[in-house]
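Numbering (UniProt numbering), first residue to last: 1 to 598. Glycine included, each C-beta is placed from N, C-alpha and C at the ideal position. In this text, all values refer to a predicted model and were calculated from it rather than measured experimentally. Here the structure is laid out as structure tokens; the discussion comes afterwards.
Shown next, in the form of structure tokens:
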């Protein structure tokens, strides 16, 4: 991949510049076109319960939610959107409503009467999703495209007539069999699925739409969005549609926040994204403060300084569309292997090491590995070519980082370092360039978490970094836990059970929050095992493609269990399902007993 092709998605890899888009209007809210990045969420109440939906929407609006999405599973359920809308307006709330549509074009045609925007999923709006393996002839492929177009055009025309907006929202977990068999389970397949619908909309002179490319894996999500923007740029300046960002099935707690910050924060740092949703397996109201804090953290952080170089004048050290770790030679630092394909190491400062050294045996999986001051790391300003020249002239490999106190955004600074530094040298990533002394002991942990996850996580997903240091969080134990959780969420170091858990919505067939906690309690010691917890089948089997085991709502009170993306146990009573999941893990030889507490 050349620097020129990378520039198709980002005009300057070493300096922040927000992507310019056309304006899309959703009721009274403008998206793109110079508007601030909008924050949205989704109702978890049953759409048939108008009063519950109205109350939840009012609560979301009260904490700053600017757009509210609600599922509409069938035409009959979509009819109730009228009552939800009327109740909100009667309460003096003008927050726009978005109908979330899967599988049912007739539900979309009903919903568009009552809401300001309709979200359609190209993978299941008209196409089939049965994981069928089929060699499509061009004629068969064209025939299915024609059928899809016939189903979609009426909605386009109705949106145009009523002045509604649309999100063409591709999900990695629900690509159609047609797309999967022709383009694969890839970011390219995600982009092509969305562009098919966009071409139809444009052919009917409808332009009030935006895109999304959501996935549960931040690396896949980042690559898909970058590829989409590259294609839009190639197609011409009038393809400048806004972008909605989200990591689907991010989960709960710190893990959900970190995974969302890596995916969403990385793209916002590149100037991509006009509206976001942080999807947490928690009450929807908790998503809004996180989303607002993430926008604030990223937008303020990336405006720092300028690297003094443009991407057109430098080589690019990574492929933004396919993950590949930057190649380095291996170093031994304080008995720990660094670079050369070794596991990304966790550094800490001498002060923090001294604070926890008496209880290292009690830190479990969150032990510090290298002390910064004893590591021999060389800190430089990546804009100083003379310093880079001396490093590149060195005989052996070195460990290098960006110096503290520079007027640079960390992401752009470390990209610049990676571009100028010989590949044999390893890089120590840092979440901030303010130094440990600047950490505020009274600082907000969520802000520190989002900053660290965005800056370190996005660079790891670019393939840059052989060791990491979290400076922004002052508390020693929390900074170490945060370090390891970022590595896990970025998929570069798996040290605990990995969970893919969707946020609840009106389609959910069981209590996701309590169930996820029960599953964690039973399986949280299974290091390296990936478990998906899905409320329904909309994205379930697809988003579980990378998971080892899946727990999916199949019907009210009934659970289906999966191995990979294959359902193997059906209609299990909910009260038995967690125990049956454990049995399934044992059947496949992935179970081991939890160690006894010390």
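>> Here's a check: name, in chain order, each residue in its chain whose Cβ is nearer than 6 Å to the Cβ of residue 377, leaving out the five neighbours to either side.
In response: Here the question's residue 377 lines up with position 377 in the chain shown. For residue 377, where only same-chain residues beyond five positions count, the Cβ hits under 6 Å are 399, 401 and 428.
> How would you call residue 102, buried or exposed, if buried means at least 16 neighbouring beta carbons within 10 angstroms?
Replying inline: Position 102 of the chain shown, counting from 1, holds the residue named residue 102. Label assigned to residue 102: buried.
>> Using a 10 Å radius around the Cβ and a threshold of 16 neighbouring Cβ atoms, would you call residue 551 buried or exposed?
In response: Start at 1 with the first residue of the chain shown, and residue 551 comes out as number 551. That one is buried.
> Going by the CB atoms, is the gap between residue 259 and residue 489 shorter than 8 Å?
Replying inline: For the purposes of this step, residue 489 is taken as residue 489 along the chain shown, with counting starting at 1. For the purposes of this step, residue 259 is taken as residue 259 along the chain shown, with counting starting at 1. It is a contact, given that the beta carbons lie within the stated cut-off.
>> For the beta strand (DSSP E) containing residue 57, name the first residue and the last one.
In response: Numbered from 1 along the chain shown, position 57 holds the residue referred to as residue 57. Run containing residue 57: none in the beta strand (DSSP E); it sits in the alpha helix (DSSP H), 50-62.
> Can you tell me where the beta strand (DSSP E) with residue 558 in it begins and where it stops?
Replying inline: By 1-based counting over the chain shown, the position of residue 558 is 558. Note, residue 558: beta strand (DSSP E), 558-563.
> If you draw a straight line from the alpha carbon of residue 151 to that of residue 159, how long is it in whole angstroms?
Replying inline: Position 151 of the chain shown, counted from the start, is the residue given in the question as residue 151. Position 159 of the chain shown, counted from the start, is the residue given in the question as residue 159. Roughly 14 Å between the two C-alpha positions.
> Are there three or more Cβ pairs, one per stretch, closer than 8 Å when the stretch 168-182 is compared with the stretch 194-203?
Replying inline: yes
> Based on the DSSP secondary-structure assignment, which residues constitute the bridge partners of residue 415?
Replying inline: Counting from 1 along the chain shown, the entry for residue 415 is found at position 415. According to DSSP, residue 415 bridges with nothing at all.
> Leaving out the 5 sequence neighbours to the left and right, which residues in its chain are closer than 8 Å to residue 111 when beta-carbon positions are compared?
Replying inline: Translated into positions along the chain shown, residue 111 becomes position 111. Closer than 8 Å at the Cβ level, and outside the excluded window around residue 111, lie 72, 78, 81, 99, 101 and 118.
> What's the gap between the Cα of residue 572 and the Cα of residue 523?
Replying inline: As a position in the chain shown, residue 572 is number 572, starting the count at 1. As a position in the chain shown, residue 523 is number 523, starting the count at 1. Roughly 19 Å between the two C-alpha positions.
> Between residue 68 and residue 41, which are expected to be in contact by the criterion C-beta below 8 Å, what is the C-beta distance as a whole number of angstroms?
Replying inline: Sequence index remark: in the chain shown, residue 68 carries index 68 (1-based). Sequence index remark: in the chain shown, residue 41 carries index 41 (1-based). Their Cβ separation, rounded to whole angstroms, is 7 Å, which keeps residue 68 and residue 41 in contact under 8 Å.
>> In chain order, what are the residue ranges of uninterrupted beta strand (DSSP E) at least 3 long that sit wholly in the stretch 475-519?
In response: 498-501
> What are the boundary residues of the beta strand (DSSP E) that includes residue 147?
Replying inline: Against the chain shown, residue 147 aligns to sequence position 147. Careful: residue 147 lies outside any beta strand (DSSP E), inside the alpha helix (DSSP H) at 138-162.
> Is the stretch 446-456 in contact with the stretch 242-258, if contact means three or more CB pairs nearer than 8 Å?
Replying inline: yes
> Is residue 212 helix, strand or coil by DSSP?
Replying inline: Taking the first residue of the chain shown as position 1, residue 212 is located at position 212. Correct three-state label for residue 212: strand.
> Quick one, are the C-beta atoms of residue 369 and residue 336 less than 8 Å apart?
Replying inline: The count along the chain shown starts at 1 and reaches residue 369 at position 369. The count along the chain shown starts at 1 and reaches residue 336 at position 336. Their beta carbons are under 8 Å apart, which means residue 369 touches residue 336 by this criterion.
>> Tell me the DSSP secondary structure of residue 445 in three-state form.
In response: As a first step, residue 445 is located in the chain shown; it is residue number 445 there, counting from the start. Residue state, collapsed to three classes: helix.
>> Three or more C-beta pairs under 8 Å: does that hold for the stretch 171-185 against the stretch 277-288?
In response: no
>> Give me the residue from 455, 486, 436 and 461 with the minimum Cα distance to residue 475.
In response: As a first step, residue 475 is located in the chain shown; it is residue number 475 there, counting from the start. Looking at the Cα atoms, 436 is the closest of the given residues.
> Do you know whose CA, among 218, 224 and 469, lies nearest residue 175's CA?
Replying inline: Along the chain shown, read from residue 1 onward, the residue named residue 175 stands at position 175. Residue 175 has its Cα closest to that of 224, out of 218, 224 and 469.
> When the Cβ atoms of the stretch 47-67 are set against those of the stretch 82-90, are three or more pairs found closer than 8 Å?
Replying inline: yes
>> Per the DSSP calculation, residue 171 is bridged to which residue(s)?
In response: One-based indexing of the chain shown puts residue 171 at position 171. Answer is 214.
> Where does residue 551 fall in DSSP's three states?
Replying inline: Working through the chain shown from its first residue, we reach residue 551 at position 551. Reduced to three states, the DSSP call for residue 551 is strand.
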